[in-house]
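Below: the structure, in structure tokens.
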Amino acid sequence: MADTKNKTCVVIGASHGGVNFASYLRREGWEGQIILFDKDPMIPYHRPPLSKAYLTEGDLEGNLLKPKESYEHDNITLKLGQTVTSINRADKTISLQDGSAQAFDKLVISTGARPFIPPIKGIEDPKGIFAMRTGEDAINIKNAVDASKTKRVVIIGGGYIGLETAASLNKLGAKVVVLEREEHVLARVTAPVMSDFFTDLHQEKGVKVLTNKNVVSISKKNGYNQVVCDDGMCYDADLIVIGVGIRVNTELAKNAGLDIENGIKVNLFTQTNDENIYAIGDCTYHYNSHYQRYVRLESVQNAVDQGKIAAASICGKEQEYNAIPWFWSDQYDIKLQMVGLSWGYNEVLVRKEEVEQTSFSVWYFKDEELLAVDAVNNAKAYVLGARFIKGKQKINKTKLVDSSIPMKPTSFL
Amino acid sequence: MAKITFITSDNETITVEGNSGSVMELAVKNNVKGIDGDCGGVCSCATCHVHVEPEFTSKTGEASELESDMLEFDDLTNEYSRLSCQLQVSDDLDGVVFKVAK
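Protein chains in written order, with my numbering: chain A, 9 to 421; chain B, 40 to 141.
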């Protein structure tokens, strides 16, 4: 690697992608400065637990991506609570809201995404209305639930964020209603069999899951909100959590003239169309070699793994990004683990294990090719599914759904 | 307070002290190479795989079903494999040596 002692690597966005990138960059041998900027003032934390264990256990200290000392140890400078306003490619600087500028030799954009706030009448008055993305959001939601006597919660959107938040707030004693616009919850990401499973699970625990519910307005009543749907139904809410998806933070990149297509477009080395600027994580539109198409992913795995690729590339050890995506969700005592991308499937097979506890797996195929596996309380199916997808293994479908055949690497040949 | 030793795949030996949290967190805190803990410690990613040195297995106990299922088909798994996010640091682990699997 060329001498990097006097070089500066600047990172915009200090979450899973940015923080892990910085630490990998140091391990790859970068000797110069590494400076991370984020408008979030909190020491970078794990995001997935915010809608899960954080709400119920409330331990943000144990939720840090890295302890404070680790940044000192790696000589990584954290500039938190600082908003970057522009990337100036011509003079290789970024500008900050306070009017200052920071020069860079290499720049990594890991700006992630922000919650999408749908244009619902009355949503602009924020009292009692929350998104769920940042540590501050989670703290505000928790405080609002704790402070409310009646604890009536309406969650708009039945995706993972909405359902996880519903499960956690239910545990805290809230009366939760989930309003989903589509016919099924999790409609965008899973097969109907999974949607049905999670709907039933929530109903059993006392969460009302209502589908085909298009929210048209929110109005303030005496100290609470009333959520109105287009079918005329009204739901009273001491607090509302919005979980209807995200918008990618591409503005900085776009204004700097970087290629944008459903996110910041990067090559297999996470490099943008400017050779000194890389992008990683939720904000990127990148090629997945296994599925042979461009994708944009909202996941920890993608943020961390792209961080590794970017660090290696910047240190001259280029390796192509080639990962099978994986995800997880925890709701109540159910552990859902997902691997692969099910998009384009034309067959779904369900394998139920003959055990006392709920344990099954959903296998998504396109003809003979296994695309993805959703495993419910079934880590074996998750691990084996990952292996089969990666190895493009042809699977005997009759054997796969026969739960008397144990789950082993060679069982379904 | 427990003294815990990690031996990385580069044969670097790191001995650290801890009294709470998981062994994975302790390793991440001390920049132990090969232990990433990408999922934050919820037994979902298997990026914190260690091998317990055989003489200490009585101290670390047995893996849960979820944990052993996560490990069963991993090429680096042997009878001493554990996911370090599932091991809580306590006085009981004083003196234990872990080899980082990756």
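Glycine residues also receive a C-beta, built at the ideal position from the N, C-alpha and C atoms. All values reported here derive from a predicted model rather than from experimental measurement.
Selection from the options that minimises the alpha carbon distance to residue i
i, options, result
"Ala331 of chain A", "A:Gln234, A:Phe277 and A:Asp11", "A:Phe277"
"Cys84 of chain B", "B:Leu110, B:Gly100, B:Asn117 and B:Lys68", "B:Leu110"
"Val18 of chain A", "A:Gln309, A:Gly399, A:Val347 and A:Tyr286", "A:Tyr286"
"Cys242 of chain A", "A:Arg395, A:Leu218, A:Val358 and A:Lys262", "A:Leu218"
"Glu362 of chain A", "A:Ser412, A:Gln314 and A:Phe373", "A:Ser412"
"Val135 of chain B", "B:Ile74, B:Lys72 and B:Thr54", "B:Thr54"
"Ile342 of chain A", "A:Phe206, A:Trp334, A:Phe373 and A:Tyr390", "A:Phe206"
"Ala389 of chain A", "A:Lys316, A:Ala152 and A:Met415", "A:Met415"
"Met140 of chain A", "A:Val197, A:Leu247 and A:Ile51", "A:Leu247"
"Pro56 of chain A", "B:Cys87, B:Gly79, B:His90 and B:Val89", "B:Gly79"
"Ile125 of chain A", "A:Val224, A:Val153, A:Ser118 and A:Ala30", "A:Val224"
"Lys47 of chain A", "A:Cys323, A:Ile20 and A:Asp133", "A:Ile20"
"Val67 of chain B", "B:Asp131, B:Lys138 and B:Cys124", "B:Cys124"
"His88 of chain B", "B:Glu94, B:Thr99, B:Phe95 and B:Ile74", "B:Ile74"
"Ile147 of chain A", "A:Lys76, A:Val184, A:Lys216 and A:Lys60", "A:Lys60"
"Asp282 of chain A", "A:Ile128, A:Val391, A:Arg97 and A:Lys150", "A:Arg97"
"Ser97 of chain B", "B:Glu118, B:Gly60 and B:Asp49", "B:Glu118"
Listed by chain order, chain A residues near residue i by CB distance under 8 Å
i, result
"Lys141 of chain B", "Neighbours of Lys141 of chain B on chain A: none; closest Cβ ~13 Å, over 8 Å."
"Cys78 of chain B", "Pro56, Val308 and Trp336"
"Lys68 of chain B", "Lys74, Pro75, Glu77 and Ser78"
CB contact below 8 Å: residue i versus chain E
i, result
"His294 of chain A", "The question asks about chain E, but that chain is absent: this structure's protein chains are A and B."
Partners in chain B for residue i, counting only beta-carbon separations shorter than 9 Å
i, result
"Gly66 of chain A", "Within chain B, no residue comes near Gly66 of chain A; the closest Cβ sits about 15 Å away, beyond 9 Å."
"Val391 of chain A", "Ala85, Asp108, Met109, Leu110, Glu111, Phe112 and Asp113"
"Val197 of chain A", "Residues of chain B passing the Cβ test: none, with the nearest at roughly 17 Å."
"Pro200 of chain A", "Chain B residues near Pro200 of chain A: none, gap ~24 Å exceeds 9 Å."
Residue i versus residue j - alpha carbon distance
i, j, result
"Gln339 of chain A", "Ser176 of chain A", "8 Å"
"Gln300 of chain A", "Val370 of chain A", "23 Å"
"Asn284 of chain A", "Asp99 of chain A", "12 Å"
"Asp114 of chain B", "Asn220 of chain A", "46 Å"
"Glu377 of chain A", "Lys400 of chain A", "7 Å"
"Pro123 of chain A", "His54 of chain A", "17 Å"
"Val161 of chain A", "Ile268 of chain A", "37 Å"
"Ser103 of chain A", "Val92 of chain A", "6 Å"
"Glu80 of chain A", "Thr101 of chain A", "24 Å"
"Val252 of chain A", "Ile43 of chain B", "45 Å"
"Asn275 of chain A", "Ala155 of chain A", "48 Å"
"Arg395 of chain A", "Asp108 of chain B", "14 Å"
"Asn354 of chain A", "Phe368 of chain A", "20 Å"
"Val308 of chain A", "Phe335 of chain A", "8 Å"
"Ser94 of chain A", "Val116 of chain A", "13 Å"
"Asp410 of chain A", "Val356 of chain A", "15 Å"
"Gly57 of chain B", "Gln127 of chain B", "10 Å"
"Leu114 of chain A", "Leu105 of chain B", "In the sequence as presented, Leu is not what sits at residue 114 of chain A; that position holds Lys. Each residue's Cα considered, the two are about 42 Å apart."
Chain B residues whose Cβ lies nearer than 8 Å to that of residue i
i, result
"Gly70 of chain A", "Gly60 and Glu64"
"Arg395 of chain A", "Phe112"
"Gln345 of chain A", "Ser83"
"His210 of chain A", "Neighbours of His210 of chain A on chain B: none; closest Cβ ~20 Å, over 8 Å."
Neighbour-count burial assignment, residue i, 16 or more Cβ in a 10 Å radius
i, result
"Asp239 of chain A", "exposed"
"Glu188 of chain A", "buried"
"Leu266 of chain A", "buried"
"Asp67 of chain A", "exposed"
"Glu65 of chain A", "exposed"
"Leu122 of chain B", "buried"
"Arg255 of chain A", "exposed"
"Met40 of chain B", "exposed"
"Asn404 of chain A", "exposed"
"Gly181 of chain A", "exposed"
Amino acids of chain A, ordered along the chain, whose beta-carbon sits closer than 7 Å to that of residue i
i, result
"Asp49 of chain B", "Ordered by position in chain A, no residue passes the 7 Å Cβ test against Asp49 of chain B, which lies about 11 Å from the chain."
"Leu132 of chain B", "Within chain A, no residue comes near Leu132 of chain B; the closest Cβ sits about 18 Å away, beyond 7 Å."
Contacts that residue i makes with chain B (C-beta to C-beta distance below 7 Å)
i, result
"Lys388 of chain A", "Asp108 and Glu111"
"Val312 of chain A", "Asp77"
"Pro417 of chain A", "Phe112"
Proximity below 8 Å, CB of residue i to CB of residue j
i, j, result
"Thr173 of chain A", "Ile164 of chain A", "no"
"Asn233 of chain A", "Gly166 of chain A", "no"
"Glu69 of chain A", "Lys325 of chain A", "no"
"Ala261 of chain A", "Ile272 of chain A", "yes"
"Leu344 of chain A", "Ser350 of chain A", "no"
"Lys74 of chain A", "Ser31 of chain A", "yes"
"Val186 of chain A", "Val193 of chain A", "yes"
"Thr85 of chain A", "Leu44 of chain A", "yes"
"Gly289 of chain A", "Gly143 of chain A", "no"
"Val81 of chain B", "Phe45 of chain B", "no"
"Lys402 of chain A", "Ser419 of chain A", "no"
"Val139 of chain B", "Thr47 of chain B", "yes"
"Gly231 of chain A", "Ser118 of chain A", "no"
"Arg304 of chain A", "Asn270 of chain A", "yes"
"Ala383 of chain A", "Tyr372 of chain A", "no"
Chain-ordered neighbours of residue i on chain A, where CB pairs are closer than 9 Å
i, result
"Leu126 of chain B", "Correct list: empty, because the minimum Cβ distance to chain A is about 15 Å."
The ligand SAM heavy atom lying under 7 Å from the CB of residue i
i, result
"His192 of chain A", "The model on display carries no ligand, and the ligand SAM is accordingly not part of it."
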